[in-house]
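For the sequence shown, the residue numbers in this note's numbering are 382 to 722.
Idealized CB from N, CA, C, for every residue including glycine.
Below is one structure, written out as structure tokens; comments come after it.
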Amino acid sequence: MSTRESFNPESYELDKSFRLTRFTELKGTGCKVPQDVLQKLLESLQENHFQEDEQFLGAVMPRLGDLNIQCNCYITHPLTPAVMERDKVIPLIIQGFKDAAEEAGTSVTGGQTVLNPWIVLGGVATTVCQPNEFIMPDNAVPGDVLVLTKPLGTQVAVAVHQWLDIPEKWNKIKLVVTQEDVELAYQEAMMNMARLNRTAAGLMHTFNAHAATDITGFGILGHAQNLAKQQRNEVSFVIHNLPVLAKMAAVSKACGNMFGLMHGTCPETSGGLLICLPREQAARFCAEIKSPKYGEGHQAWIIGIVEKGNRTARIIDKPRIIEVAPQVATQNVNPTPGATS
Numbered sequence: 382m383s384t385r386e387s388f389n390p391e392s393y394e395l396d397k398s399f400r401l402t403r404f405t406e407l408k409g410t411g412c413k414v415p416q417d418v419l420q421k422l423l424e425s426l427q428e429n430h431f432q433e434d435e436q437f438l439g440a441v442m443p444r445l446g447d448l449n450i451q452c453n454c455y456i457t458h459p460l461t462p463a464v465m466e467r468d469k470v471i472p473l474i475i476q477g478f479k480d481a482a483e484e485a486g487t488s489v490t491g492g493q494t495v496l497n498p499w500i501v502l503g504g505v506a507t508t509v510c511q512p513n514e515f516i517m518p519d520n521a522v523p524g525d526v527l528v529l530t531k532p533l534g535t536q537v538a539v540a541v542h543q544w545l546d547i548p549e550k551w552n553k554i555k556l557v558v559t560q561e562d563v564e565l566a567y568q569e570a571m572m573n574m575a576r577l578n579r580t581a582a583g584l585m586h587t588f589n590a591h592a593a594t595d596i597t598g599f600g601i602l603g604h605a606q607n608l609a610k611q612q613r614n615e616v617s618f619v620i621h622n623l624p625v626l627a628k629m630a631a632v633s634k635a636c637g638n639m640f641g642l643m644h645g646t647c648p649e650t651s652g653g654l655l656i657c658l659p660r661e662q663a664a665r666f667c668a669e670i671k672s673p674k675y676g677e678g679h680q681a682w683i684i685g686i687v688e689k690g691n692r693t694a695r696i697i698d699k700p701r702i703i704e705v706a707p708q709v710a711t712q713n714v715n716p717t718p719g720a721t722s
């Protein structure tokens, strides 16, 4: 996905202060019910414990371009924005959904649009594939290493970007981060959210991945724990490194336990893949995913190890924080009206 300029409301005849995030209190997977609560709610539905993310296996999806996929879109129009704003914004959202589907090698074949207090956009993709086209996520072995393909901190970046317009919240963090830092982190978060996991999923085949999952609403630790429970071998995952969008670790620390970023419980929206790879293949995977032949190339990080254990996952007490510098150009960032430094 190519780098683009940040969203400028005035380019679409909207007020320069327009922010879509003002029409919802919770953002993305931040709306998700906490994992322990969800587990209790679902236990009554079947005898076996239901592991949500492993059931869908989004992380070990085969190469989308080789499959016949059909996608349906569901969108709700918000009741709160003015009609003029709604009529300009909703078509942009639908177009973005369509573009992403086409990039993934599929098309939108149906949909439904209704009125709702919050904007809700979702899709369902279905496909048929051969057993050799996907990787079962249960073959991690001691000695494997853990690789992450997108940085953490998207939820923090989106939240603090909104705080630029809320002085009482901005004042809590302005000593550890600048407006430019926030704008760059926000744009980097947007670019990462919009980037498909398609390349990383394809390279899992090339480099003999043993297991994987995607990182979304339960945070990196929650999804690592879910993946560890599914392993056939008696293993555990230990995370030593946390790649985080630049400055977002400092922001998270300044906010106490609000985000849970350092504890691995902060939700991510459209996060990367957590992959168990043979040690001898991991460095080659990380080098290959940066190759220009996959577009702009993107980083991946070795963040931990697989060791003998009892199918659990943990983050060490003092993990190394890897500050991930933004790839978006400073000149592509539009200042937020009303923000103060």
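query, result
"Any C-beta of chain D under 8 Å from that of H591", "This model lacks chain D altogether; it includes just one protein chain."
"Residues near F588 by beta carbon distance below 7 Å, same chain, minus five either side", "L658, Q662, R665 and F666"
"For V632 and V557, believed in contact at Cβ under 8 Å, the rounded distance", "6 Å"
"T355 and T650 closer than 8 Å at C-beta", "In the structure as shown, the chain begins at 382 and stops at 722. Residue 355 is therefore absent and cannot be evaluated."
"T535 (DSSP reduced to helix, strand or coil)", "helix"
"Validate contact between the region 513–527 and the region 675–693 using beta carbons, cut 8 Å, 3 pairs", "yes"
"Unbroken alpha helix (DSSP H) run spanning L608, endpoints", "G600 to K610"
"Closest Cα partner of G492 within the set E484, A482 and G504", "G504"
"Cβ pair L565, P624 closer than 8 Å", "no"
"Inter-residue spacing [alpha-carbon to alpha-carbon] between H542 and C636", "14 Å"
"Length of the line joining the Cα atoms of N622 and Q560", "27 Å"
"Expected contact under 8 Å - CB spacing of K628 and D562 to nearest Å", "4 Å"
"Those residues which DSSP pairs with I516 across a bridge", "According to DSSP, I516 bridges with nothing at all."
"Within 8 Å, strictly: CB atoms of I516 and A581", "no"
"Proximity to R701 [Cα-Cα], best of I683, E484, Q708 and A694", "I683"
"Touching by the beta-carbon criterion (3+ pairs, under 8 Å), the region 595–610 and the region 691–706", "yes"
"Alpha-carbon spacing of F679 relative to I475, whole angstroms", "It is worth fixing the name first, because residue 679 is His in this sequence and not Phe. One C-alpha to the other measures close to 26 Å."
"Limits of the unbroken alpha helix (DSSP H) element including T580", "R579 to T587"
"8 Å contact criterion, which A538 and A575 should meet: CB distance rounded", "Rounded, the Cβ-Cβ distance is 14 Å, inconsistent with contact."
"Chain-order list of residues whose beta-carbon lies under 6 Å from that of E391 (same chain, five-residue window excluded)", "K397"
"Through-space distance from A681 to K671, alpha-carbon basis", "8 Å"
"Separation of Y393 from K469, as counted between CA atoms", "7 Å"
"Rounded straight-line distance, which links the Cα of G598 to that of F618", "19 Å"
"Coarse secondary structure for Q493, derived from DSSP in three states", "strand"
"For W499, the three-state DSSP class (helix, strand or coil)", "coil"
"Among N573, K553, A609 and Y567, the one whose alpha carbon lies nearest that of E677", "N573"
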